[in-house]
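To start, the structure under review is shown below, and the notes come after it.
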Amino acid sequence: MSLHLAPGPTSLDRLETAISRLQQKHGFIRLQDGERDFPAGLCALLLTEDPQRNPEVLDACVILPEALKPFGDEIARRVAGPDAAPALQQQFGVGRPPAVVFLRDGNYLGSLNGLRDWQDYQYEIAQLLSGPARPKPIGIAVRAVATPGACA
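The sequence shown begins at 261 in the numbering used here and counts up by one.
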């Protein structure tokens, strides 16, 4: 009798499961690569990446729907997977996911990067949504060039 151990889900498999849950349970719509049309009114856009690089991404997929609950259907919900997120990060000047970009009628209101305490999330979301549109930050792509044998 031999025991065969199947590999577990990869980090990207876990992210796909989390994004599917956002879509099915919380009404998020997934943006495809190159898609930049946002609905009229208020919109929250979750930017993700491979959770192996940043495990907080999976936490954000759980926390954000709860943080948006007090706003009901007032806020359209979008999510960008690792395929679509890099271009949107650059468009909105986001350093790294997880990040939530808030828009009103397609105009940038601001973004929240990383994870926060629950009350901080709710307070900062309310502040962004009640504030005026502002210019998008300038996103500049930065690439590290590693020297062979050097620590990255």
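Positions of the beta carbon are idealized from the N, C-alpha and C atoms, including for glycine.
By Cβ distance, which residues of its chain are closer than 6 Å to residue i, with the 5 residues on each side in sequence left out?
i	result
Leu306	Leu324, Val339, Val360
Leu291	Arg338, Ala340, Ala344
Glu316	Pro358, Leu375
Asp293	Asp343, Ala344
Please say whether residue j and residue i have beta carbons closer to each other than 8 Å?
i	j	result
Thr308	Pro267	no
Leu369	Ala393	yes
Asp365	Ala300	yes
Leu389	Phe298	no
Gly353	Lys285	no
Counting only the same chain and skipping the five closest in sequence on each side, list residues whose C-beta sits under 8 Å from that of residue i.
i	result
Pro330	Gln382
Arg422	No answer is possible for residue 422: it lies beyond the span of the chain, which begins at 261 and ends at 412.
Arg356	Glu309, Asn314, Gln349, Asn373
Counting only C-beta atoms, is residue i closer than 8 Å to chain D at any point?
i	result
Pro299	Of the protein chains in this structure there is only one, and it is not chain D.
State the DSSP-derived secondary structure class of residue i, mapped to helix, strand or coil.
i	result
Ser390	helix
Phe362	strand
Ala483	The first residue shown for the chain is 261 and the last is 412, placing residue 483 beyond what the model contains.
Gly332	helix
Ala344	coil
Leu263	coil
Leu375	coil
Val354	coil
Return the CA-CA distance between residue i and residue j, expressed in angstroms with no decimal places.
i	j	result
Trp378	Glu326	9 Å
Leu272	Pro346	15 Å
Gln312	Pro269	12 Å
Leu275	Asp319	10 Å
Gly287	Ile385	18 Å
Gln283	Ile289	6 Å
Asp333	Leu302	10 Å
Ala278	Leu263	30 Å
Leaving aside the five residues before and after residue i along the sequence, list all residues of the same chain whose C-beta is less than 7 Å from its C-beta, in chain order.
i	result
His295	For the sequence presented, residue 295 should be read as Glu rather than His. The residues are Ala344.
Ile335	Leu302, Cys303, Ala304, Leu328
Cβ-heavy atom distance between residue i and the ligand FAD below 7 Å?
i	result
Asn314	Although the ligand FAD was asked about, the structure shown includes no ligands whatsoever.
- Curious, which full-length alpha helix (DSSP H) runs of at least 4 residues does the segment 265-293 contain? 271-286
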